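Residue numbers (my numbering): 1441 to 2114.
All C-beta atoms, glycine included, are put in the ideal place defined by N, C-alpha and C.
If you're wondering where the values come from, they're calculated on a predicted model, not measured in any experiment.
Shown next, in structure tokens, is the structure this report addresses.
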């Protein structure tokens, strides 16, 4: 039959085209047959069935021959109805073209036991839009290798295949639905509230303030009318100072009126403006202590502070005794009496401050502030205790040398309560004996956003280990790969180098060592110190390893234990007399607060995996700079706490991009990412 058809086609071609060249040849190329199977991937329970279809192109014969590649891999009817076997596994359903059996397409089928594993989540779950505005939604599939979804907007508006929803022109409540491609019966729904005019409002506190040149002011933005509370900070005027992502405004070195703007992330048309009145700092000089009482030949260290000028140099002089003109170290004369030490500004000799010293052979009254050096953040409050000896009246009068700019002190309570100003600086709180006003003591208050070195050890070199505690199928499917990739590439990065400034000359290094698997189910109290000590030390021993003195063991669990109200934390324990660091890293599958990143689109990882990686970065940087809680801390706690959930851009590590939070830099006096 094939020969006759070929001869007939040649004859027809000769008739249609006219005379042919003698001795030439004519060939007819048969059409190319292709075949496809839908869906290409599927997940089923044992014993369940699924309908597949095949599409044949290039032939009028559309029939196919169905088969299962693996023996015991289930069965299939001639119509493509596949029935899973009674055992779990990955099997392949084949469809061969009836016209050309060599043309075959296959579908991959994952057969599992137990309840259906496929689930769909969508984020954000709820948004507020103005009519005609857009919002991008993201869907995550768990329990299936097929991560594709089908988007729909059943109530109105439109949504494209990438999850970009465009609100309709009418107000109302609308749904955006994501259906799993592997199992269209599995869906997730987001709610969109559409208004004709934006209900979003932004406010800033304080709305107006006065600050000295070079001073700082912390601002807070409040967003209403939407679940998205993020704002972008900016300045209206060029040269009007700086404002970082956390809302910390630093005034310029010039006086004037400037405007700080907070713009809603949800609706960039919604803004609030705070007005900053920047005034020149008055020129002044202060000496500390202002009064002193010593025995003949005794010593007093004086220190002068110049404000309102960039040149802070001073020279000291005394009407008796001897004083170091550069350092202010004074030695009393051998005779008793009242004497004076003067500090004079080098830049402006008209600025002088004078301290009065009583030299007496017997000093009966002494005043001692229990903590003479106090470190606070702007606006912090602390108690200051004082001891008075040598007098029946042990009361004191409190004062602040730099009042009112130096904060406030409440002496109606005991111990007295000091409230730091919102501006950074060094201030002095004085306690003066009511029984003997010549007896006093001074506490130096440093108000700064920067971290302070408590002197404890740091951990410059980290060997990272990951302990996966729980059923492996209970973790987000891409969490382990994401964590291992991040820990394996952060070493040597500019992000990690932020920690170098706190390591006293050392450089931070991180190397990923291995993952340890513990398939036991974590108890409800998994976050307890004894449980974590047992898990960390137990897994080290179970793997036949010795505790690594440079090790940091990240303990991952599939969910947040009941009662835990933090997203992650770090600590340390002792295994076989060796101190090791650890961090507890629960996956926030059941705690929305810890899985609320506003994605920057840095990578294709699930939001759960990306959230966990961000917390790994947070705890890692804190463990390096403050492993035992006595190294680098400050207002807002540790290096990561000060910039929690502050993101500016994607961070690149060995070609991969991550959405990881900023870290506090003393050098930059701000939150930075690199």
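The alpha helix (DSSP H) spanning residue i covers which residue range?
{"i": "residue 1476", "result": "Careful: residue 1476 lies outside any alpha helix (DSSP H), inside the beta strand (DSSP E) at 1474-1478."}
{"i": "residue 1674", "result": "Looking at the DSSP string, residue 1674 is not in any alpha helix (DSSP H); the run it does join, the beta strand (DSSP E), is 1671-1675."}
{"i": "residue 1431", "result": "Since the displayed the chain opens at 1441 and closes at 2114, residue 1431 lies outside it and no answer follows."}
{"i": "residue 1631", "result": "Element bounds for residue 1631: not the alpha helix (DSSP H) but the beta strand (DSSP E), 1627-1635."}
{"i": "residue 1978", "result": "1969-1982"}
{"i": "residue 1923", "result": "1919-1929"}
Taking only three categories from DSSP, how would you classify residue i?
{"i": "residue 1460", "result": "Here residue 1460 scores only 35 on pLDDT, less than 50, and its place in the model should not be relied on; the value that follows carries that caveat. Residue 1460: coil per DSSP, three-state reduction."}
{"i": "residue 2077", "result": "strand"}
{"i": "residue 1961", "result": "coil"}
{"i": "residue 1780", "result": "strand"}
{"i": "residue 1532", "result": "strand"}
{"i": "residue 2035", "result": "helix"}
{"i": "residue 2061", "result": "helix"}
{"i": "residue 1912", "result": "helix"}
{"i": "residue 2083", "result": "helix"}
{"i": "residue 1606", "result": "strand"}
{"i": "residue 2054", "result": "helix"}
{"i": "residue 1646", "result": "coil"}
{"i": "residue 2030", "result": "helix"}
{"i": "residue 1824", "result": "strand"}
{"i": "residue 1940", "result": "helix"}
{"i": "residue 2113", "result": "coil"}
{"i": "residue 1758", "result": "strand"}
Could you tell me which residues DSSP puts in a beta bridge with residue i?
{"i": "residue 1867", "result": "1885"}
{"i": "residue 2018", "result": "2015"}
{"i": "residue 1850", "result": "1857"}
{"i": "residue 1484", "result": "1551"}
{"i": "residue 1815", "result": "1886"}
{"i": "residue 1808", "result": "1827"}
{"i": "residue 1436", "result": "In the structure as shown, the chain begins at 1441 and stops at 2114. Residue 1436 is therefore absent and cannot be evaluated."}
{"i": "residue 2025", "result": "1996"}
If you follow the beta strand (DSSP E) that residue i is in, where does it begin and where does it stop?
{"i": "residue 1614", "result": "1612-1620"}
{"i": "residue 2089", "result": "Per DSSP, residue 2089 belongs to no beta strand (DSSP E) and is neither H nor E."}
{"i": "residue 1563", "result": "1559-1563"}
{"i": "residue 2105", "result": "2103-2105"}
{"i": "residue 1835", "result": "No beta strand (DSSP E) contains residue 1835, which DSSP labels as neither H nor E."}
{"i": "residue 1699", "result": "1696-1704"}
Going by CA-CA distance only, name the one from the options that's closest to residue i.
{"i": "residue 1877", "options": "1732, 1904, 1809, 1822", "result": "1732"}
{"i": "residue 1496", "options": "1562, 1541, 1613, 1616", "result": "1541"}
{"i": "residue 1982", "options": "1969, 1960, 1968, 2002", "result": "1960"}
{"i": "residue 1812", "options": "1826, 1818, 1872", "result": "1826"}
{"i": "residue 1863", "options": "1893, 1819, 1756, 1943", "result": "1819"}
{"i": "residue 1712", "options": "2020, 1918, 1504, 1647", "result": "1647"}
{"i": "residue 2034", "options": "2013, 2045, 1999", "result": "1999"}
{"i": "residue 1947", "options": "2065, 1485, 1861", "result": "2065"}
{"i": "residue 1722", "options": "1735, 1745, 1700, 1716", "result": "1745"}
{"i": "residue 1481", "options": "1474, 1491, 1831, 1956", "result": "1491"}
{"i": "residue 2069", "options": "1896, 1785, 1841", "result": "1896"}
{"i": "residue 1649", "options": "1617, 1690, 1671", "result": "1690"}
{"i": "residue 2101", "options": "2113, 1950, 1926", "result": "2113"}
{"i": "residue 1588", "options": "1699, 1597, 1578, 1552", "result": "1578"}
{"i": "residue 1851", "options": "1871, 1941, 1518, 1520", "result": "1871"}
{"i": "residue 1834", "options": "1798, 1879, 2094", "result": "1879"}
{"i": "residue 1787", "options": "1640, 1706, 1747, 1853", "result": "1747"}
{"i": "residue 1645", "options": "1601, 1754, 1716", "result": "1716"}
{"i": "residue 1898", "options": "1889, 1471, 1945, 1917", "result": "1945"}
{"i": "residue 2106", "options": "2003, 1958, 1965, 1940", "result": "1940"}
{"i": "residue 1615", "options": "1599, 1621, 1925, 1622", "result": "1599"}
Just to confirm my understanding: we take residue i, look at its own chain, exclude 5 residues before and 5 after, and list those with CB closer than 7 Å. What are they?
{"i": "residue 1686", "result": "2083, 2086, 2111"}
{"i": "residue 1829", "result": "1806"}
{"i": "residue 1611", "result": "1571, 1634, 1635, 1636"}
{"i": "residue 2042", "result": "2090, 2097, 2098, 2099"}
{"i": "residue 2073", "result": "1891, 1892, 1894, 2066"}
{"i": "residue 1937", "result": "1948"}
{"i": "residue 1445", "result": "Caution applies to residue 1445, whose pLDDT of 34 falls short of 50 and renders its modelled position unreliable; the value that the coordinates give is listed next. Taken in chain order, the list of residues that qualify is empty."}
{"i": "residue 1518", "result": "1506"}
Whose C-beta lies closer than 6 Å to the C-beta of residue i among residues of the same chain, with five residues either side of it excluded?
{"i": "residue 1996", "result": "1908, 2025"}
{"i": "residue 1760", "result": "1773, 1779"}
{"i": "residue 1810", "result": "1825"}
{"i": "residue 2108", "result": "none"}
With a CB to CB cut of under 8 Å and the five nearest residues on each side skipped, what residues in its chain are close to residue i?
{"i": "residue 1462", "result": "With a pLDDT of 34 at residue 1462, under the threshold of 50, the modelled position of this residue cannot be trusted; read the value that follows with caution. Taken in chain order, the list of residues that qualify is empty."}
{"i": "residue 2023", "result": "1992, 1993, 1994, 1995, 2008, 2009, 2010, 2011, 2056, 2059, 2060, 2063"}
{"i": "residue 2040", "result": "2087, 2089, 2090, 2099"}
{"i": "residue 1488", "result": "1523, 1524"}
{"i": "residue 1640", "result": "1568, 1663, 1664, 1665, 1666, 1704, 1706, 1707, 1710"}
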